[in-house]
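Participant:
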Amino acid sequence: MRQPKRRKFRKDFKGRNRGFAKRGTNVSFGEFGLKTIESGRITARQIEATRRAITRHIKRGGKVVIRIFPDKPITKKPLEVRQGKGKGNVEYWVALVQPGRVMFEISGVSEELAREAFSRGASKLPVKTVFVKREIEL
C-alpha cells in the first residue's frame, strides 16, 4: 500500500474537503480515465483494491496509472481508552478527492474493455465516478 516515506509532521488536523478539483482534471497519461463526481476520502487500501480489480480485468493488455496518492494521515485512539491524553496514533492514510479529479487512467486497451475494468474498479470506491476519454489536443 502507498504512503509517504517521510513527512515534516506526523499528524494532521481533520480539515474540510470542499470545492472542486483545481488540477488533475484531464486525462494526461492514458487514453481513458476514471473521474470522481463527488468529494470524499479514499484510503490506501481502497486505491490498492481498485488497482487490483482493474489490472486483473485488463490482464496483460494495457497500462494502469494511479493519479492520486494517500498523503493525509488519519488518527484513531485505541478502543476503551478515555478521551484526553493527546491525539491518537496514525491508523491509516487517505487521499482527499474533489469532484472532477481523474483518479485512474488506462492506455493500450479497447474502450469497452476499459469501461468494464473501470466499472469493476469503481465498485471498490466510496465515491461516484464517471468514465472519461482523453480529449484530443489540436
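Under this note's numbering, the final residue of the sequence shown carries the number 702; numbering is consecutive throughout. Yeah, the Cβ is synthetic: ideal placement off N, Cα and C, and Gly gets one too. Since this is a predicted model, take the numbers as computed values, not measurements.
Does the separation of the CB atoms of F596 and I670 fall below 7 Å?
Facilitator: The answer is yes: Cβ separation under 7 Å.
Participant: Provide the residue span of the beta strand (DSSP E) that contains R605, from first to last.
Facilitator: Here the beta strand (DSSP E) through R605 covers 604 to 607.
Participant: What does the Cβ neighbour count give for G652, buried or exposed, with the cut at 16 atoms within 10 Å?
Facilitator: With fewer than 16 Cβ atoms within 10 Å of its Cβ, G652 is classed as exposed.
Participant: Just mark K599 as buried or exposed, buried being the case when its beta carbon has 16 or more other beta carbons within 10 Å.
Facilitator: The residue in question, K599, is buried, as its Cβ has 16 or more Cβ neighbours within 10 Å.
Participant: If you reduce the DSSP assignment to three classes, tell me which class A585 lands in.
Facilitator: Residue state, collapsed to three classes: coil.
Participant: Do you know whose CA, among I700, R698, E699, V694, lies nearest E602's CA?
Facilitator: Looking at the Cα atoms, V694 is the closest of the given residues.
Participant: Using a Cβ-Cβ cutoff of less than 6 Å, which residues in the same chain neighbour T607 once the five nearest sequence positions on both sides are dropped?
Facilitator: Correct list, in chain order: Y656, V658.
Participant: Roughly how many whole angstroms lie between the Cα atoms of S683 and V645?
Facilitator: Taking the straight line joining both Cα atoms gives about 41 Å.
Participant: From the DSSP output, in three-state form, read off G597 for me.
Facilitator: It is a strand residue.
Participant: Taking Cβ positions, are A617 and K688 nearer each other than 7 Å?
Facilitator: Yes, the Cβ-Cβ distance between A617 and K688 is below 7 Å.
Participant: How many angstroms separate the CA atom of Q647 from the CA atom of V654?
Facilitator: Each residue's alpha carbon lies about 16 Å from the other.
Participant: Report all residues from its chain with a CB closer than 7 Å to the CB of E675; omit the five preceding and five following residues, and keep chain order.
Facilitator: So the list reads F596, once near-sequence residues are dropped.
Participant: Ignore the nearest five residues each way along the sequence and tell me which others in I638's own chain have a CB closer than 6 Å to its CB.
Facilitator: Closer than 6 Å at the Cβ level, and outside the excluded window around I638, lie E655, Y656, V658.
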